[in-house]
DNA sequence: TGTCCACTGGAAGGGAGGGCTT
DNA sequence: AAGCCCTCCCTTCCAGTGGACA
């Protein structure tokens, strides 16, 4: 037996000191540049230490702005302090992306507060109002103040409407021995518009919007994590700067920056390099873009793939700023060649809009005056991603389309 | 100043398919 | 198994529009 194949990535050779620290799920001991947000949360949640009821809150902001991290951090401190002074405080966090029905959210809350096995709610089988009753009972038997953090709450409301929030926000009227407060976290800035006015006013009595980090703030966050997570002196000059700059372009997303740094270091590790360079960051950027875009492209409905393909076909012939009409006619040709019935032109408009909102193309409506009004369409898929290959590999039906076009191009 | 192009984008509704309840 | 609802993709119809041109 030679050396174990896992060794060089595990042992002392690795450039990581503690890889987890560079993961966005990690909650560090301090959160730079979120002092104001922390202060606002603390001002509200301190009520719990007085045995009073904090206001319900909604936290807004794009992904990667530290909403979850700030909430976890403040809750942890709150629980610690509560223990010191003998106040019963509990905090339950539910991610509404993975736990996404009314029943399961209530069950999760109830089970996390259950004092014994008898008080547990089964996976399924109970009517929802019985689950709510059990939750109330568990809250009462624990006593104190309960903080319910509903992460990605917009996801839950989009799927099932806001009727779960009604009982949760009215719990306080029924409770005798305990109090509760709901903190909703959302990426969707228009979240309250989805809510019934009464629920919106109860839940959003205190709003907190997280603003994007700028490049130098992201730089601070990375440096701080690198100190703990990365071996000393292995990051070349400019690595953190580049990660920060790239992430700042993407709506100031610290999560993205951490991913970039982590993947860059991993690349260097795998390549056996002793130092992490900006070149590794570029590789990481490509990797992340690829990982992000591939599932989006491969899961497009068939005709959306055809439209994207038609746009790419135009671009490979050197045409940019194509109009909707041009895309439509190339799309029709593509369909005819492959004996597929094309969609009507109105649908192509929708498809183009959809591709635009997925970030695969840009479509800018411009008027050409006497010559009408249309979109100017350009693909924005990076060079290193071969969308056509991704589409043919994902969709058997794309193969004859691509083949027939190659024949067509050969003939021209 | 009005016309008119080449669309855009809202509204309403059809139909296939999947999941859930009965 | 049957019935129901919901979601997704698509169609049809049509009113609305920015701006070059006559």
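Numbering (this note's numbering), first residue to last: 2 to 413. Built from N, CA and C at the ideal position, the CB exists for glycine as well. Nothing here was measured: the structure is a model prediction, and the numbers come from that model.
Can you list, in chain order, the residues of its chain whose CB lies under 7 Å from that of residue i, leaving out five sequence neighbours each side?
i, result
"residue 399", "306, 392, 393"
"residue 202", "none"
"residue 55", "45, 46, 48, 49, 182"
"residue 316", "380"
"residue 23", "226, 230, 259, 262, 263"
"residue 113", "93"
In angstroms, rounded to a whole number, what distance separates the CA positions of residue i and residue j?
i, j, result
"residue 381", "residue 335", "21 Å"
"residue 298", "residue 174", "49 Å"
"residue 395", "residue 291", "15 Å"
"residue 211", "residue 189", "12 Å"
"residue 242", "residue 37", "25 Å"
"residue 85", "residue 28", "22 Å"
"residue 65", "residue 74", "15 Å"
"residue 51", "residue 273", "55 Å"
"residue 91", "residue 221", "32 Å"
"residue 327", "residue 310", "13 Å"
"residue 168", "residue 107", "10 Å"
"residue 355", "residue 268", "34 Å"
"residue 265", "residue 288", "9 Å"
"residue 200", "residue 295", "39 Å"
"residue 301", "residue 349", "14 Å"
"residue 359", "residue 248", "18 Å"
"residue 166", "residue 118", "26 Å"
"residue 195", "residue 69", "21 Å"
"residue 53", "residue 351", "51 Å"
"residue 369", "residue 378", "14 Å"
"residue 426", "residue 239", "The requested residue 426 is not part of the displayed model; the chain covers only 2 to 413."
"residue 102", "residue 157", "7 Å"
"residue 388", "residue 363", "16 Å"
"residue 383", "residue 293", "12 Å"
"residue 304", "residue 325", "15 Å"
"residue 308", "residue 159", "28 Å"
"residue 385", "residue 313", "14 Å"
Nearest to residue i by CA position, among the options, is which residue?
i, options, result
"residue 171", "137, 190, 142", "137"
"residue 283", "327, 260, 72", "260"
"residue 57", "207, 167, 301, 199", "207"
"residue 374", "193, 89, 323, 178", "323"
"residue 25", "124, 254, 40", "254"
"residue 339", "63, 356, 406, 180", "406"
"residue 71", "82, 53, 42", "42"
"residue 104", "119, 130, 82, 20", "130"
"residue 151", "185, 157, 285", "185"
"residue 63", "193, 390, 251, 319", "251"
"residue 76", "39, 87, 97, 193", "39"
"residue 133", "164, 155, 154", "164"
"residue 19", "232, 285, 386, 357", "232"
"residue 191", "59, 365, 386", "59"
"residue 30", "286, 234, 228", "228"
"residue 141", "116, 234, 366, 153", "116"
Once the 5 residues before and after residue i are set aside, which same chain residues still bring their CB inside 8 Å of it?
i, result
"residue 109", "93, 95, 100"
"residue 413", "Note on residue 413: pLDDT 46, under 50, position unreliable in the model; the coordinate value appears next. Same-chain partners within the cutoff: there are none."
"residue 237", "276, 277, 278, 279"
"residue 34", "214, 218, 221, 222"
"residue 257", "65, 247, 248, 251, 289"
Skipping 5 residues on each side, what residues in its chain have a beta carbon closer than 6 Å to that of residue i?
i, result
"residue 246", "216"
"residue 135", "111, 122"
"residue 371", "none"
"residue 144", "89, 178, 179"
"residue 146", "49, 90, 180"
"residue 120", "139"
"residue 148", "92, 182"
"residue 403", "393"
"residue 1", "Within the shown structure, residues of the chain are numbered from 2 to 413, placing residue 1 beyond reach of any answer."
"residue 401", "339"
Contained alpha helix (DSSP H) runs [length at least 4] in the region 165–237, N- to C-terminal order: 166–175, 198–204, 216–230
Length-filtered (3 minimum) beta strand (DSSP E) runs lying within the region 89–143: 90–96, all fully within the region 89–143.
The region 317–333 contacting the region 342–352, beta-carbon criterion three pairs below 8 Å: Under the Cβ criterion (8 Å, minimum of three pairs), the region 317–333 counts as touching the region 342–352.
Runs of alpha helix (DSSP H) lying entirely within the region 16–50, each at least 4 residues, in chain order: 36–50
Alpha helix (DSSP H) runs contained entirely in the region 311–386, provided each spans 4 or more residues: 325–338, 346–358
Continuous beta strand (DSSP E) assignments of at least 3 residues falling wholly in the region 239–313: none
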